[in-house]
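With this note's numbering applied, the sequence shown covers 33 to 142.
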Amino acid sequence: MSLNCFYDIALNTTKKVPILVACHKQDLTLAKSEQVIRSTLEKEIGLVNKSRSAALKGTDGDESRNATLTETGTDFIWTDLSGRKIDFATSAAFDGADVGIDAIRSFVRD
33 MSLNCFYDIA
43 LNTTKKVPIL
53 VACHKQDLTL
63 AKSEQVIRST
73 LEKEIGLVNK
83 SRSAALKGTD
93 GDESRNATLT
103 ETGTDFIWTD
113 LSGRKIDFAT
123 SAAFDGADVG
133 IDAIRSFVRD
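This is the structure:
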């Protein structure tokens with residue numbers, strides 16, 4: 033899923049849909065850890081916040097395009113989404129092994 037898609041879901045869904053970020057392929061040497069993915073997403077979401085808060089107001093008067101995931105419209109931290117369930121799960125599926133898949137199954141069931 034692209035970052036903009038994630039951003040729009042987190043920003044615009046009224047039902048506060050739970051979100052799972054699956055950090056897959058953790059068996060590979062070059063795989064990024066959950067913490068690296070978390071911090072990278074924070075930085076990228078911060079960039080989207082800055083971009084959207086700087087966008088010109090639409091000619092139709094619709095200010096929803098300028099909405100951001102933070103009050104300041106800039107730096108983002110995961111606690112900015114405290115009213116929403118966002119989980120991270122590390123996983124790998126290789127050679128018959130299914131490391132972390134139970135966490136994904138549990139998220140889907142809940």
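Each residue gets a CB set at the ideal place from its N, CA and C atoms; glycine is no exception.
- Counting along the chain, the unbroken alpha helix (DSSP H) around Ile-136 starts and ends at 133-141.
- Secondary structure of Ile-51 (DSSP, three-state): strand.
- In the DSSP secondary-structure assignment, Ile-118 is bridged to Ile-51.
- In the DSSP annotation of this structure, the continuous segment of the alpha helix (DSSP H) that includes Phe-38 starts and ends at 35-44.
- For Ala-87, there is no enclosing beta strand (DSSP E), as DSSP gives it neither H nor E.
- In this structure, the straight-line span from the alpha carbon of Thr-111 to that of Ala-99 is close to 17 Å.
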